[in-house]
Amino acid sequence: MLTLYGLFVLLTFVALLLARWVKSRHNIQLQPSLLSPLGSLYTLTTAFLLSNVIFQFTNLRTAITQEVVTVSKLGAVMSVLPPEQRVEARRLLYDYTDSIAHDESVTMRLGDPSDKTELASDRLRNFLATVDATPPETLAKTPESINYFRKVSDFGFDLVDARERRLSLNRQTFPTQLWLAIGIMFFALALLTFLVHSGAWTTLWAAIIMLLAAPIPAVMLYIYSNPIAMGLIDIAALVEAVMERSRG
Amino acid sequence: MGLNRCLRRLGIFGMLGALAAVGAHGFVGRSAWSAIPKAEPGIGPRSILIGQSAAFSGPSADLGREFREGAHQVFDEINAQGGIHGRQVVMVYRDDRYEPGLTVKNTRRFLEQDKVFALFGYVGTPTLKAALPVIEKHQVPMIAPLTGAQLIRNPINRLIVNVRASYHQETEAIVSYLVRYGRRDLAIVYQDDAFGRDGLTGALKALTKRQLRPVSVQTVKRNSKQTMEVARRVALARPDAVLLISTYGTVASFIKNLRSHGNDAQVMNVSFVGSNALSRALPAHLRHGIGISQVVPFPWNPRLPVVRDYQNTIRRNRSTAKYGFSSLEGYLAATALVRALKQAGPNPTRAGLIQAFDQLNDIDLGGYRINLGADRHNGGNDVSLSFLMGRQGAFFH
Numbered sequence: 004m005l006t007l008y009g010l011f012v013l014l015t016f017v018a019l020l021l022a023r024w025v026k027s028r029h030n031i032q033l034q035p036s037l038l039s040p041l042g043s044l045y046t047l048t049t050a051f052l053l054s055n056v057i058f059q060f061t062n063l064r065t066a067i068t069q070e071v072v073t074v075s076k077l078g079a080v081m082s083v084l085p086p087e088q089r090v091e092a093r094r095l096l097y098d099y100t101d102s103i104a105h106d107e108s109v110t111m112r113l114g115d116p117s118d119k120t121e122l123a124s125d126r127l128r129n130f131l132a133t134v135d136a137t138p139p140e141t142l143a144k145t146p147e148s149i150n151y152f153r154k155v156s157d158f159g160f161d162l163v164d165a166r167e168r169r170l171s172l173n174r175q176t177f178p179t180q181l182w183l184a185i186g187i188m189f190f191a192l193a194l195l196t197f198l199v200h201s202g203a204w205t206t207l208w209a210a211i212i213m214l215l216a217a218p219i220p221a222v223m224l225y226i227y228s229n230p231i232a233m234g235l236i237d238i239a240a241l242v243e244a245v246m247e248r249s250r251g
Numbered sequence: 002m003g004l005n006r007c008l009r010r011l012g013i014f015g016m017l018g019a020l021a022a023v024g025a026h027g028f029v030g031r032s033a034w035s036a037i038p039k040a041e042p043g044i045g046p047r048s049i050l051i052g053q054s055a056a057f058s059g060p061s062a063d064l065g066r067e068f069r070e071g072a073h074q075v076f077d078e079i080n081a082q083g084g085i086h087g088r089q090v091v092m093v094y095r096d097d098r099y100e101p102g103l104t105v106k107n108t109r110r111f112l113e114q115d116k117v118f119a120l121f122g123y124v125g126t127p128t129l130k131a132a133l134p135v136i137e138k139h140q141v142p143m144i145a146p147l148t149g150a151q152l153i154r155n156p157i158n159r160l161i162v163n164v165r166a167s168y169h170q171e172t173e174a175i176v177s178y179l180v181r182y183g184r185r186d187l188a189i190v191y192q193d194d195a196f197g198r199d200g201l202t203g204a205l206k207a208l209t210k211r212q213l214r215p216v217s218v219q220t221v222k223r224n225s226k227q228t229m230e231v232a233r234r235v236a237l238a239r240p241d242a243v244l245l246i247s248t249y250g251t252v253a254s255f256i257k258n259l260r261s262h263g264n265d266a267q268v269m270n271v272s273f274v275g276s277n278a279l280s281r282a283l284p285a286h287l288r289h290g291i292g293i294s295q296v297v298p299f300p301w302n303p304r305l306p307v308v309r310d311y312q313n314t315i316r317r318n319r320s321t322a323k324y325g326f327s328s329l330e331g332y333l334a335a336t337a338l339v340r341a342l343k344q345a346g347p348n349p350t351r352a353g354l355i356q357a358f359d360q361l362n363d364i365d366l367g368g369y370r371i372n373l374g375a376d377r378h379n380g381g382n383d384v385s386l387s388f389l390m391g392r393q394g395a396f397f398h
């Protein structure tokens, strides 16, 4: 993130130097109205891209929330199983959950799934497919036990779906071509700004303000397009919290 | 810290109150001796003196503290309601740091100096084993010790009343679970004393029943954290699971060393390890998946009436006590003691107290059954498994 910010600051600085160099050699006079269409284009493009990545970020956060809710539901419906089956079922479920919190949350920063989590998921699915996940026929019919038969399989599949959704939403990265387009547009805008305004605009303070503020939209784009690596979504904390609440 | 200070103060004041009551009784006795029957030691006009020697400091301190905390909820409430037949239950505590020599000394002081009516909630097998001759000599009832050892169960000792399941029942439940889910290569690490050997016997019995043998059997010293070599040997045996029979300090050290050898075998413990204390003693990243057998219901499950009562009592007492397995065991033990004291009538004797316990046949405390009788002094049989999950140290069962 700092590299990106630095790169855009450098672009602004290069634009400033270039503008001063041009002005010192040629007496060019550009109309300030020229800034308006380029400024609008830059603003619209970054706003559109920003809203897009924020939308994607929201989807990812929703997918993770749905996943932890499914974990919580599955853990709860397992309460109807006899003790040995119940502890094994929950152990597998929470092994999987713990693996999301501490293995997959790390590999997801690089956009990858975790092999450990994959293994834990397989073990859980295998267990849910065996008779061990079936309560005995003698089990009393209660709203919860009836719910277990109807829901346990659904929740098992929901969990797989939720993981897939989380991983695929996380895999969508911001394309390099778009970064290049934004960079060029930003450079053109900075150059034009420094060329249009003579005197006061090229004073030190004005340049510093430009240098500091102008790269912010690009940084925001970067942060929102990498929400897990940037810590906007703390999967470990979310999952740990649901395990803490699932005590029982 | 504040709670400990408070409890210590309660203990001291309780003792002073009791001694005053005993003194008052002495005065009454001198002025109108013929009108009042000779009371048992520890029974005053307004107090019943009970002694508890347990680890309140040292590497196993949390076991004694949590049990005491749970028991106190019951005694505080019953005392606030006017006591039992007009007498307040007064606890006297002595710290034995889970060292048998100190337990013997404490027991002698309880019986010869403090003159307690009964002993209650002693923590540990080696400590209780050492105190047994003194208990026998004074014929004093020992109620609900926090141990599942066979030495106080088989043969039945009339003076000792157990309200929890045995270590043999716990190891049977653990082995049954492990074998059912494919973990047949079991290593056993036991504390080299009466407690550890009792657990080892139970585990071997459970394995033999399934025609299995442990892949490694190792010992650790009581209250020791020197477990590196033992962990190395266990890791070399490459077990599917490790059954530990020791207390939380030693177990936490062992788990750290075992994991440092790259071994991720399923670790199981018996209840005496001290579940909450173990969770606190382990580094956060090593907590997940550690298994512990339990002899009381799940303390966070308010669907069970006895757990609901336990939680409500803590709330009513405005106590800062945290829910926990050892604390709930203390609560259940104290509940059973209060029931028996009520049943023993307004002029309780030590023999009468034992008889009162004998009459607690198949009593349901609200999801936890106690089944005692003249020929049955092992009142509880509930065993379940629990596991630590995540890094916060929460339990599931």
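Residue numbers (our numbering), protein chains in the order written: chain A, 4 to 251; chain B, 2 to 398. Beta carbons are placed, not taken as given, at the ideal position from N, Cα and C, and that holds for glycine. Quick caveat, the model's predicted, so the values are computed rather than measured.
Residue i - containing alpha helix (DSSP H), residue span
i	result
G292/B	Per DSSP, G292/B belongs to no alpha helix (DSSP H); it is in the beta strand (DSSP E), 292–295.
L305/B	Unbroken run through L305/B: none, as it is neither H nor E.
M229/B	229–238
The beta strand (DSSP E) enclosing residue i, as first and last residue numbers
i	result
I270/B	Checking the sequence, you will find Asn at residue 270/B rather than Ile. Unbroken beta strand (DSSP E) run through N270/B: 267–270.
M92/B	89–96
V190/B	187–192
V221/B	217–221
V274/B	No beta strand (DSSP E) contains V274/B, which DSSP labels as neither H nor E.
G52/B	48–55
L235/A	Note, L235/A: premise wrong, no beta strand (DSSP E); not H, not E.
A395/B	395–397
Closer than 7 Å to chain A by CB, residue i
i	result
Q393/B	yes
Y403/B	There is simply no residue 403/B to check, as chain B begins at 2 and stops at 398 in what is shown.
S261/B	no
L329/B	no
M229/B	no
F388/B	yes
F397/B	yes
S385/B	yes
Straight-line Cα distance separating residue j from residue i
i	j	result
T188/B	A266/B	For clarity, residue 188/B is Ala in the given sequence; the question names Thr instead. In a straight line, the C-alpha of A188/B is about 10 Å away from that of A266/B.
G394/B	L13/A	48 Å
Y151/A	K144/A	10 Å
A416/B	A282/B	Outside the shown range of chain B (2 to 398) lies residue 416/B, about which nothing can therefore be said.
I293/B	R88/B	38 Å
S387/B	R66/B	21 Å
T321/B	I85/B	25 Å
A217/A	D101/A	41 Å
Y191/B	L244/B	8 Å
Y332/B	R174/A	53 Å
I51/B	T336/B	14 Å
S75/A	S249/A	6 Å
P142/B	I355/B	7 Å
V93/B	F57/B	13 Å
R89/A	D77/B	36 Å
A18/A	A184/A	16 Å
Residue-level contact to chain B via CB, residue i, 7 Å cutoff
i	result
R153/A	no
D118/A	no
R166/A	no
D106/A	no
D101/A	yes
E247/A	yes
R250/A	yes
E121/A	no
E243/A	yes
Given residue i as reference, the closest of the options once Cα atoms are compared
i	options	result
H29/A	N129/A, L21/A, I103/A	L21/A
T48/A	L192/A, I211/A, W208/A, L142/A	L192/A
P178/A	K26/A, L52/A, S39/A	L52/A
S1/A	P230/A, M246/A, S249/A, R250/A	Nothing about residue 1/A can be read from this structure; chain A reaches only from 4 to 251.
T252/A	M233/A, A232/A, A221/A, R248/A	Since the displayed chain A opens at 4 and closes at 251, residue 252/A lies outside it and no answer follows.
Q140/B	K226/B, K323/B, T108/B	T108/B
A341/B	G374/B, Q295/B, P156/B	G374/B
T110/A	S249/A, A232/A, V242/A, A240/A	A232/A
P303/B	T248/B, G59/B, Y369/B	Y369/B
- Item | Members of the region 266–293 of chain B that neighbour chain A once the beta carbon cut-off is set at 7 Å | H289, G290
- Return the residues of the region 74–97 of chain A that lie within a Cβ-Cβ distance of less than 8 Å from chain B, sorted by chain order. G78, P86, E87, R89, V90, E91, R93, R94, Y97
- Task: Taking only beta carbons into account, state which residues of the region 170–201 of chain B come closer than 8 Å to chain A, listed in chain order.
- Result: S177, Y178, R181, Y182
- Taking Cβ-Cβ distances below 7 Å as the criterion, which residues of the region 124–150 of chain A are in contact with chain B? none
- Positions along the region 163–193 of chain A whose CB lies within less than 8 Å of some CB in chain B: none
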